[in-house]
Each structure stands twice: as C-alpha cells, then as structure tokens.
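There are 2 protein chains.
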Amino acid sequence: MAPIDPDPYVRGILSGHRRMIAKTMTLIESSLKEHQQAAFRVMEKILPHTGKSIRLGVTGVPGVGKSTFIENLGVYLADQGHKVAVLAVDPSSRRSGGSILGDKTRMEKLSAHENAFIRPSPAGETLGGVAAKTREIMLVCEAAGFDVILVETVGVGQSETSVASMVDFFLVLMIAGAGDELQGIKKGVLEMADGIAINKADGENLPAVEKAKTDLETALHFIRPETPTWSPPVLTCSSVNEGGTKKVWDMVLDHHQKFKATGEFMQRRKHQSLDWMWTLVEAGLRKRFHNNKIINEKIPAVSEQVENEKISPSAAADMLLSYL
Amino acid sequence: MAPIDPDPYVRGILSGHRRMIAKTMTLIESSLKEHQQAAFRVMEKILPHTGKSIRLGVTGVPGVGKSTFIENLGVYLADQGHKVAVLAVDPSSRRSGGSILGDKTRMEKLSAHENAFIRPSPAGETLGGVAAKTREIMLVCEAAGFDVILVETVGVGQSETSVASMVDFFLVLMIAGAGDELQGIKKGVLEMADGIAINKADGENLPAVEKAKTDLETALHFIRPETPTWSPPVLTCSSVNEGGTKKVWDMVLDHHQKFKATGEFMQRRKHQSLDWMWTLVEAGLRKRFHNNKIINEKIPAVSEQVENEKISPSAAADMLLSYL
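Taken in order, these protein sequences are the chains called A and B.
For the first sequence, the numbering used here assigns the number 1 to the initial residue and increments by one for each residue that follows.
For the second sequence, the numbering used here assigns the number 1 to the initial residue and increments by one for each residue that follows.
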C-alpha cells in the first residue's frame, strides 16, 4: 500500500478546513503504523505554522464547575472573534468508557459557536501517550488558525503535570466549602498554578470564598515564585454573576504581556519543547528496557527480592541492566 | 592484583570497629573500579544486618540553625544511649571546596561523644551519585549498630527529594522573620515534610514565630495528607530554651510508632527501595544513551533545532534514539 500523502492534510489544516482538521486528529490518535507515519509527516510540515496562540490549561477536581467555566470562557472569547479550541487530557477516558468533553452537549453553546472547536480527550493506555497526542492536536489547532487553546484536565492522576508542561498559563479552579473541602487539592498542584480561581463565588458561598481566598494567599506565600515577573493571583468567579470570566481572562492576558516583555514567554516554550524531547527520549529508553523479554521475566522476582531486602537496589538495577 | 577481600570489612563493621567503618566508607566514596567492586561485595554481605534504625532527614536553608539543631538533637539522643550517625547530602561540596559537616568542629560536642559518628557529605559530580553513596553509608552505619541516622541536607538544589526518599521522617526546619523571610522555602519541600519545626523560637522572635506557625498550618491545610495516619505537625524549637529538641524527637517517635502499627513503616521502606532500584535503572539507561558518541555529538544541534521549532520534539527524540 502506498504511504498516505500528507499534503492534502497540510493544505486542509492551513486553510482551516474542519473536516481535514478532524481527519488529521484521527490519524494522530490512530495506533496503526501507517497512520502514525502519516501524522508524523503532517506534523513536520505544519510545524512552522504553529505557536501563535495562547495556551491555557485548566484543572480542578470534579464538582468545581470546570465545564461551565470553560464554556463561559470559550463563548466570551469566541464572541470577541477569537478562534477557540478546547482539548482535554483525560487518561481515564478509555477505562471509564466516558470522557470529559466526550459529550459535546456538555458545552452546548460553545460547541455550536462558529469560532469554537471542541475535541474530547484522545484515548490511550498511558498518560504519556494521551498527553503526546494532545500536544500534537494542539499544534494542529494552531496551524489551523486557532489563537486560544484551552486544555482541560481532570483533577486525578498525574495529568496536571502533563498539562502544565504544555501550556503558557496553568489555571487551577477550586471551590470553597465547609472547611475541609478545599483539601481536595492534590500535592504539587498548587505549586504548578500560574493563577487560581475560586469558582461558585455567589450567594451563600461568598463568606466561605473570601476565607478560602485569604487562606490560599497565605499558603501561596510559602511557595517561592519561579520568577520575579509573576506571583500567582487568587481570583474569584461565578457562573451566576457576570464578570468573573473577564477577570480570569484579563489575568491570563496580563501574564502573557508581562512574559512576552521579559522574554520569558518564548523561554518557557523553548524549555517545554526541550523537556518534552527528553521526556520522549526517556520513554523510548524505558520502552526498550521493558520490551526486552528476559528483563520482563526477571522484574517480578527481582522486585520482590529488593522489597524483602534480599538484594540491594543497586545490585538489582545492575542485574536487570546487564540483560539489555 | 587480587580483588580486595570484603570479609575483614564486614567483620569490622558488624563489630562496630570505627576504623573499618571509615575505611568501608572510603571504598564506597572511591571512584576506582576495584574499590567500587569491593564496596559492592561488602554491601551485599552487610545487607541482612541493616534497617534497624530510625532514619531522620533534616533540611532547611542556610541560616535556620541546622547544625546547632542537629548537634543538640544528636547529643540529646546519644546521652540517652542511642548510637547516632550524622550524614549529609550536599551536592555542592565539591564545587565550593567546603562541605556541610566538612568541619567537625561545627558540631564539637557531638563529634566528641562516644555514641556519635559524623561523616561529611561524599563528593560527587551528580546529586544522584552523592545520594547513592550516602544511602550506602547509611546502611554501613546501621550494620555497625547505629540506631538513629540523621541525614542533613542543604536547602538548595534538588537534594531534598533525594534525602526525603531515603528516610523514615523528613523534617523541615524554618525560621520566622520579617514577613517575607519564610518565603525561602522551595517549591515542593513543604509537601515532602512529615513535620516542620520553626527554629529560633525565643525572645523577640516569639510573636513572629507564632504567626508563622499559624500561617504554615493554614498552608499545610491545602496539601492532602498522604495517609490518614499522619498530618504533618508544625512545632517550634530553640537552641536557647530547652525542651524543643525533646518535642521534635517525640514527634518523630510518635510517627514511628504509628507507622509501625499500621505497617506503613515497612511499606514506605519497601517502596523507597523499589523506587531506588528504578531510579538506578533509569540512570543506567540515561548513561548508555549519553555514553554513545554519535548521540553526544548530535545533542547540541538537535536541541537547538527543537528550541527554535525547526523540528518537533518527537522527531528529535526519535532521531536521537535511532543512533542507539
């Protein structure tokens, strides 16, 4: 069979042809070798046309109102003429059978908007695989002229790290509640945040929200900022009261402008690309290791010996590596 | 040359012979292949005699009074009949020419104590190398009958992660100051803490210390505890007022007893051993990659192309891996 010609895909993407955009994404998500090779060639050709967007990651545990928040933000931006793509990283989507964003009706208004494009999370066996595909889908959207990319992730597993490492701004959505509810945040997530928005800041919630805001500001005080250019703000927003969406977007724009001015915007992206290359190199090395049949047979017994202190971790590592 | 016979070393360690303990550590720290092989054989033989200690990691940025704190704690324990070993992980020790604990006179009272053993940080080019040696030195101390191991680390670089992953309890020392000083804590360090002690809680500092304690408790509130067995406490201590050392040690003992009772103590150690094996496997894989001459020559140019978006991170990773 002749290899798939990448050029129709490339032309389709660059002219913003929705059907070709979606077909390219299907190639990217396919596990067939010929599809992957075609996707690879398409990606190389569209690469010079990518990068001209603001990439915003949004995380938050189930129940914080993430879908509604993203829909409101998406409509707000699309109404202004922005072309908005909404993607998702959800490594649980295969197992659960469902997927965040799997059902576009969850964002009914946004999905009907001519300036918006919504794509559910790619399925995949590993978070790394899901994240890799989402990265490429993001680049396809950029090449197709989308200038705001919203990447949603569920607040479970390690998906936040993956999303934070592919976006320009990482937003953590929270809600205030009866004292302990705010504990729902996972280790490390607070430290990845470029900004925090406490959602559902309306009605009876308001006093709890104000308390949560103060507490969060205190907590953030203990985290040394990565750069003097930016200290993560804590905002409040609501799907009932207007204005919160604008406040959040203004924060993202403020960050964007400041980071552009100092050069940190490009620096962060370069850093992310290089990090991503090394992540893939390490994944490739691990794959070679685990694809080795002898090693794979030895791992369970060796692991057990290490756990029970029959052999040292370094002897075990040397032994396993010697089979490579 | 005949290989070094490990048995005299093993016998020396198990009988608590100081000179042989020190000589074994010198073997461990040596970069000579025959020394490393001998150290390896010694380690395998002493392994069944290790593990019977409480391993306490202590971190804190320069200026928090870490040396004095460790000396006080060490003397307090040694006076009670504990055999106390003080080790250090300081990846800067080679570069700076000096080393934390390099000068034993910094812990004059403790180093003169018959129940104490102080060892400066091994030198090493990588944090991984330094940490690996410290782990083995810790095991030598345990086989020699030391029942409390204090592992000190400087509050710079990534050394906290290494130390946290080799101890049973990770203590973060802080000081209160004029508002912003507490920001000195690094990203992630708070989340690794099993307990926090605010040092220099005396005299004029007391109001600031109380404020810092409350703020820290608020901040910790946002970090989901790893286990229902334990929420990291925030204590205060001082080298001027007595009592703080005992309070800190009681906290460590409380943690120890609770984790022993639930089985989490052994679980954490098993987990650390297995993690360590995988860390070494990955380091070994990376070494093979970087020792490849062609790959090494290609890396700078490929990295630059990735940074400047001439090629995609995944194409770059594939290309580099193809030379392996």
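All C-beta atoms in this analysis are idealised placements derived from N, C-alpha and C, irrespective of residue type, glycine included.
Whose C-alpha, out of the options, is nearest the C-alpha of residue i?
i        : options                                : result
B:Pro228 : B:Lys270, B:Ala78, B:Leu56, B:Glu264   : B:Glu264
B:Met266 : B:Val167, B:Ile196, B:Met20, B:Trp249  : B:Val167
B:Ile28  : B:Leu139, B:Asn115, B:Asp202           : B:Leu139
A:Thr134 : A:Gly60, A:Arg55, A:Leu171             : A:Arg55
B:Phe289 : A:Asn291, A:His290, A:Arg286           : A:Arg286
A:Leu190 : A:Leu216, A:Val281, A:Gln257, A:Phe146 : A:Leu216
A:Leu110 : A:Ser92, A:Ser67, A:Val130, A:Ala131   : A:Ser67
A:Leu253 : A:Asp147, A:Ala123, A:Ile175           : A:Asp147
A:Asn292 : A:Pro120, A:Leu320, A:Pro207, A:Val240 : A:Leu320
B:Ile118 : B:Pro225, B:Ser322, B:Lys83            : B:Lys83
B:Pro120 : B:Val61, B:Tyr76, B:Ala22, B:Leu47     : B:Ala22
B:Lys213 : B:Met174, B:Gly203, B:Asn241, B:Pro225 : B:Met174
B:Gln80  : B:Gln257, B:Glu297, B:Lys246, B:Lys258 : B:Lys246
B:Ile70  : B:Lys258, B:Ser239, B:Glu282           : B:Ser239
B:Leu206 : B:Asn241, B:Phe259, B:Arg106, B:Ile46  : B:Asn241
A:Ile295 : A:Lys270, A:Trp276, A:Glu282, A:Leu324 : A:Leu324
A:Lys258 : A:Lys270, A:Trp276, A:Pro232           : A:Pro232
Which stretch, first to last residue, makes up the alpha helix (DSSP H) that contains residue i?
i        : result
A:Ile294 : 293-307
A:Ala2   : First-last for A:Ala2: undefined, no H or E at that position.
A:Leu77  : 66-79
B:Arg11  : 7-14
Just to confirm, is the Cβ distance from residue i to residue j under 8 Å?
i        : j        : result
A:Leu87  : A:Ile13  : no
A:His255 : A:Trp278 : no
A:Ala85  : B:Gly284 : no
B:Cys325 : B:Ala193 : Given that chain B is displayed from residue 1 to residue 324, the structure contains no residue 325 of chain B and the question cannot be resolved.
B:Met43  : B:Glu142 : no
B:Leu73  : B:Val248 : yes
B:Val234 : B:Val163 : no
A:Thr59  : A:Val172 : yes
A:Thr218 : B:Ala219 : yes
A:Ala144 : A:Ala116 : no
A:Ser30  : A:Pro91  : no
B:Glu309 : A:Leu274 : no
A:Gly57  : A:Val209 : no
A:Asn199 : A:Val64  : yes
B:Gln272 : B:Ser165 : yes
B:Pro8   : B:Met20  : yes
A:Val244 : A:Ala176 : The residue you asked about is not Val; residue 244 of chain A is Gly in the sequence shown. For A:Gly244 and A:Ala176, no; Cβs fall outside 8 Å.
B:Gly195 : B:Phe169 : yes
B:Leu280 : A:Ser322 : no
A:Pro300 : A:Val154 : no
B:Ser53  : A:Leu47  : no
Helix, strand or coil for residue i, going by three-state DSSP, please let me know.
i        : result
B:Gly195 : strand
A:Thr50  : coil
B:Leu324 : coil
B:Gly63  : coil
A:Leu32  : coil
A:Lys57  : One point to set straight first is that residue 57 of chain A is Gly, not Lys, in the sequence displayed. Strand, per DSSP.
B:Val167 : coil
A:Ser312 : coil
A:His271 : helix
B:Ala317 : helix
Ends of the beta strand (DSSP E) at residue i?
i        : result
A:Ala176 : Taken as a continuous stretch (DSSP letters only), A:Ala176 belongs to no beta strand (DSSP E), as it is neither H nor E.
Compare the C-beta of residue i with all C-beta atoms of chain E and state if any pair is closer than 8 Å.
i        : result
B:Asp215 : Here the protein chains are A and B, and chain E is not one of them.
Just to confirm, does residue i get its C-beta within under 7 Å of one of the non-hydrogen atoms of the ligand NAD?
i       : result
A:Ile13 : The model on display carries no ligand, and the ligand NAD is accordingly not part of it.
**Study point:** Inside the stretch 112-158 of chain A only - alpha helix (DSSP H) runs reaching at least 4 residues
**Key:** Counting only runs of 4 or more, we get 127-143.
Exercise for review: Enumerate, from N- to C-terminal direction, the unbroken alpha helix (DSSP H) stretches of 4 or more residues contained entirely within the stretch 192-269 of chain B.
Suggested key: Within the stretch 192-269 of chain B, the complete alpha helix (DSSP H) segments at least 4 residues long are 206-220, 244-262, listed from N- to C-terminus.
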